[in-house]
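What follows is a short report on a single structure.
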Amino acid sequence: MRVFSDQDLIAALTPATAVEAMREAFSLLKKGEAEIPPRAVLTVNGNWWGVMPCKTKYAFTVKVVAVIPENRARGLPAVNGSVLVMSPETAEPLALVPGSTLTAIRTAATSVLSTELAVGRRVETLGVIGGGMEAEFHVRTALGYLSVGRVLISARKSHVELAKKVGGEAVDLEYLLRNSDVIFSTTSSTTPVVKGALLKDGFHVVSIGAHTPEARELDDDVVRRAKTFVADSLDAVSRESGDFIEPKAKGLLQGKEVTELGEVLERGSIVRPSIFKSVGVAVQDNLASYYALKYSD
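As structure tokens, then:
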């Protein structure tokens, strides 16, 4: 059994490889070729934990992941866990993969894939809200796969350090919202950080936070202005994300295209202004793990 380190995983899943893995993951999901039982969600010591199984023709995977904000003070990732990869034919253990790094890579690659579908491979100004691990992987994946003119970064803290690290510009949130063509919101905030009234025309906003029914990263104005609301899984966001649950209850999604990433992949584009809402689907971990094994040394 292969035991991956974080660096092993980063080396195997380059931005191009990771985006291709996510393209295949959502294609399999659309075709019904991924078996995904409902995830088990638990609250442990006040923190969110999930157990996510998935079977494809390539692998059977089980991911155990937790979101523990207090980990940052411990010098650990806020999103932590592991993925066990097994043969779907023999149940032979094939790999143990670090869940925090895998989650960061596959989430960022999916955000970048949605961006390619919405605006193409060229982004004049990319705004990233957040200063943690997900924010860093989103910037690195975008720079490694897309052609990006400027990167603006804003967060409550750590954004100055992250901007220096990745070659971005540390700015205040209002400046980022007013000047970005594409926005990746990667926060743990439970109240909206993306204000629709401030956004440029033709925006594409990706939200990967707000993974509970009461939490929001996007305010109602973002939803009102959007023509398209894309989810990784409509079933998942309808149960787990306040960014979908509350606007739907208010009738704000009426008259808009509400669809899934797999559907968009079939036609090849997203109509802007657009939102991509991601809470994570087990097939992402399955394909990312398989591609890591496939492309590892």
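With our numbering applied, the sequence shown covers 5 to 301.
Cβ atoms here follow ideal geometry from the backbone N, Cα and C, with glycine treated the same way.
Just so we're clear, the structure is a prediction, and the values are computed from it rather than from any experiment.
When DSSP builds the beta bridges, which residues end up paired with residue i?
i	result
I157	V132, A174
V164	Looking at the DSSP assignment, V164 forms no beta bridge with any residue, so it has no partner.
Y92	Checking the sequence, you will find Pro at residue 92 rather than Tyr. DSSP lists no partner for P92.
S211	S189, K281
N51	V48
F4	The structure shown does not extend to residue 4, since the chain is modelled only from 5 through 301, so no value can be given for it.
S151	R126
T263	V234
R6	A99
A70	W53, N84
Select from the options the residue whose C-alpha is nearest the C-alpha of residue i.
i	options	result
L222	G284, S211, H215	S211
R271	L46, V226, K34	K34
M26	N75, S86, G134, T119	T119
V227	F207, S237, L238	F207
V55	A38, P81, V87	V87
V234	F280, K260, K199, K298	F280
P244	K298, R110, T216, E261	Before going further, note that residue 244 is Glu rather than Pro in the sequence given. The candidate whose alpha carbon is nearest that of E244 is T216.
D239	A219, L265, Q258	L265
S158	K169, G148, V175	V175
K67	S91, P81, L32, G103	G103
I133	F188, N75, P251, L269	F188
V123	L150, E178, P97, F30	L150
K59	V45, A95, D301, P196	A95
V155	V143, L291, R125	V143
E218	I249, V197, T191	I249
A167	G148, S193, E261, G131	G131
Taking the C-alpha atoms as reference points, what is the distance between residue i and residue j?
i	j	result
P277	D185	10 Å
E267	E28	13 Å
A22	V71	22 Å
S115	E93	32 Å
A77	G135	14 Å
L202	A214	20 Å
T145	A253	34 Å
L256	D224	8 Å
D10	A296	11 Å
A38	D205	36 Å
T263	T232	8 Å
K298	E178	43 Å
E140	T111	12 Å
P57	I274	29 Å
Tell me whether the beta-carbon of residue i lies closer than 9 Å to the beta-carbon of residue j.
i	j	result
V283	V241	yes
P73	N49	no
L106	L180	no
R229	G200	yes
S293	A113	no
D247	V285	no
A20	F8	no
M137	P81	yes
F64	V83	no
G153	E173	no
Does chain B have any CB closer than 9 Å to the CB of residue i?
i	result
A82	In the displayed structure, chain B is absent; only one protein chain is listed.
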